[in-house]
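Peer 1:
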Amino acid sequence: MTWLPASAAPSTNAAARLRMDLVGTAQGLRVGARADRRLVVSGEVTAQLSNARLRIAGALRADQALLILPEDSAPRLGDDVRVRRPASGQATATPTAAPADATRIVPDVALSLDLGDHFEVRGRGVATRLAGTLALRSNAQTRQVPRLTGQLHTVRGTYKAYGQELDVEYGVLRFTGPVDNPTLDVLAIRPNLSQRVGVQIGGTALAPVVRLYADPDLPDAEKLAWLVLGRSAASGGAEAAMLQQAAMALMGGSGPGLTSRLAESLGLSQLSVRGAAMAGEGDTSGGNGTTGSNGANGTTGSNGTIGATVTLGKRLSRDFYIAYESSLTGAMGTFSIFYDLSRRLSLRAQGGEQNAVDLVFTQRYD
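Following the numbering used here, the numbering of the sequence shown begins with 93 at its first residue and continues without gaps.
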C-alpha cells in the first residue's frame, strides 16, 4: 500500500493518492455462522486500488452452505412503508461533509461463486441441494447496483405440498441481473403413482406462477385429485372438501390444512376421512397411491352405500408404506402393508377385517 504525495496525484481527489495491491487466499473461511444462514468458502480474491478505482476480482467455491428460507407468515413491513426516525436535535446535527469528489472511490467488482457439492436450501416445503456457478458484477455500467448472472439447478430435491412429499424432477434458477428475483423453472412430481402428476412452477421468485401438471394431460380437477388423494376423484363429500381446500391453497398460497398439520404433529404421513360412497364406487387405491383391489372401505348398509372411514398412514421409506383404515360405523379395521416393487407393480398384505396378500399390477387407460 502506497500513499502518493499531493504533487504526484493525477487529480485533487484525495483517494487518488492511495495505491493498493492485495491478494487474499481463503481456505475454509466461515463467512456466515447464523443458525439459518451458514457459508464456508475457499478461493482467491485480489483487490487493486489505483486512481480512486477499486477493482475486486476473484473466484470462490462454497465448501459448505445451509440456507433456511423464512416462512411467509413471518411479519415484515410492506414495500410502501417508510420509517422516519425522530431528529436527534441541533446539538448532534451532522457536520458539514467534505465534497464528494474529495474522497470518492469507485468500486469495480467481478466475483464468481461456485456452489460446490454441499450447498443446501431448506424451508417453505423445499429441501434440496443447489449446484452451479454465479457471477457478481458491480461497476459504473451497472450504476454500482450488484447484478447476478448464472444458472443454478437442483440436485435430489423434494417439495412438500398439500400433505404430499413431491420429488423435484428438475429445478432451474436463472439469474439475469436482480439478486433476489431469478426466473424459475421447476417441476415436482408425486412419486409411485400410475398417473404422472405434480406441480409446475414458473415466473420469478417475486411473482411465481404455480400450475398443476399431468402427463398425459388431465382436467384440472383430476390433476388435483391425483395430487392430493393419489387416485381419481370420488363422489364423497369429505374428499370434495379436501380437494376444495387444496384448490384454495393452490390459488391463495395458504399454508397446510388442519388435517395436514394434525398428521404432521402425530408423526403420520396421511390422515384422512373419506365420505360415504356407493358400494360400486369403493376406493381402489392403497395408502401409497398404488391401485389395487378393494380393501376395508367401511360398512356396507342396506342402501348399498359404504360408510365413512378414517385412514392413518405412515411412509417408512420411499417404497414401504403402512396404513390402518377403520370404518366409523364398524368395530374392526384393516391394517395394510404396501411395498412398491416398481412404478406399476406393488405388493400388498392386509389383515383384520379382511386378510389377503395381493400382487397388484396397474395400467392406466385414457
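We put the CB at the ideal spot given by N, CA and C, even for glycine.
Given a threshold of 16 other Cβ atoms within 10 Å of its Cβ, counted over all protein chains shown, does L408 qualify as buried or as exposed?
Peer 2: exposed
Peer 1: Counting C-beta neighbours from all protein chains within 10 Å, is the total for Q362 16 or more, i.e. buried, or is it exposed?
Peer 2: buried
Peer 1: What residue range is occupied by the uninterrupted beta strand (DSSP E) comprising D272?
Peer 2: Per DSSP, D272 belongs to no beta strand (DSSP E) and is neither H nor E.
Peer 1: Rounded to whole angstroms, what is the Cα-Cα separation between L460 and V198?
Peer 2: Residue coverage of the chain in this structure runs from 93 to 458, which leaves residue 460 outside it and unanswerable.
Peer 1: So, for L152: in the same chain, excluding its five sequence neighbours on each side, which residues have a beta-carbon less than 6 Å away from its beta-carbon?
Peer 2: V133, G135, L205
Peer 1: Report all residues from its chain with a CB closer than 6 Å to the CB of A441; omit the five preceding and five following residues, and keep chain order.
Peer 2: By the criterion of a C-beta distance shorter than 6 Å, A441 is surrounded in its chain by I429, V449, once the five residues flanking it on both sides are discounted.
Peer 1: According to DSSP, what are the bridge partners of S204?
Peer 2: A151, A227
Peer 1: Leaving aside the five residues before and after G372 along the sequence, list all residues of the same chain whose C-beta is less than 6 Å from its C-beta, in chain order.
Peer 2: Note that G372 scores a pLDDT of 40, beneath 50, so its modelled location is shaky and nothing firm can be said.
Peer 1: Near T186, what residues of its chain come up, given a Cβ to Cβ distance below 7 Å and the 5 sequence neighbours on each side ignored?
Peer 2: At T186 the pLDDT is 49, less than 50, meaning the model places this residue with poor confidence; the figure from the coordinates comes in the next sentence. Nothing listed; no residue qualifies.
Peer 1: Would you report the Cα separation of E314 and T241, rounded to the nearest angstrom?
Peer 2: If I take the Cα positions, the gap works out to 39 Å.
Peer 1: Taking 8 Å as the limit between beta carbons, can you name the residues of its chain near R436, skipping five residues before and five after?
Peer 2: S286, F453, T454, Q455
Peer 1: Is the Cβ-Cβ distance between A239 and R229 less than 8 Å?
Peer 2: A quick correction: the sequence has Arg, not Ala, at residue 239. Yes, Cβ-Cβ distance for R239 and R229 is below 8 Å.
Peer 1: Would you list the one or two residues that DSSP bridges to D411?
Peer 2: Answer is none; D411 lacks a bridge partner.
Peer 1: Say yes only if the C-beta of G135 is nearer than 7 Å to one or more non-hydrogen atoms of the ligand ATP, and no if none qualify.
Peer 2: No copy of the ligand ATP appears in this structure; indeed no ligand is present at all.
Peer 1: Do G124 and D155 come within 8 Å of each other at the CB atom, strictly closer than that value?
Peer 2: Cβ distance not < 8 Å, so D155 and G124 don't count as in contact.
Peer 1: Sorted by chain position, which residues of the same chain lie with C-beta nearer than 8 Å to P300's C-beta, five sequence neighbours on each side aside?
Peer 2: L276, I293, G294
Peer 1: Assuming L319 is part of the alpha helix (DSSP H), what are its boundary residues?
Peer 2: 312 to 321
Peer 1: Select from A232, A219, G217 the residue whose C-alpha is nearest the C-alpha of R147.
Peer 2: A232
Peer 1: In whole angstroms, what is the alpha-carbon distance linking R145 and D200?
Peer 2: 7 Å
Peer 1: Reducing DSSP to helix, strand and coil, say where V402 ends up.
Peer 2: strand
Peer 1: From L226 to T220, what distance separates their C-alpha atoms?
Peer 2: Each residue's CA atom was taken as its position, placing L226 and T220 some 18 Å apart.
Peer 1: May I ask you to report which of helix, strand or coil DSSP gives D161?
Peer 2: Going by the sequence as given, residue 161 is Leu instead of Asp. Coil.
Peer 1: If I measure Cβ to Cβ from P270 and keep anything under 8 Å in the same chain, skipping five residues before and after, which residues do I get?
Peer 2: R239, L240
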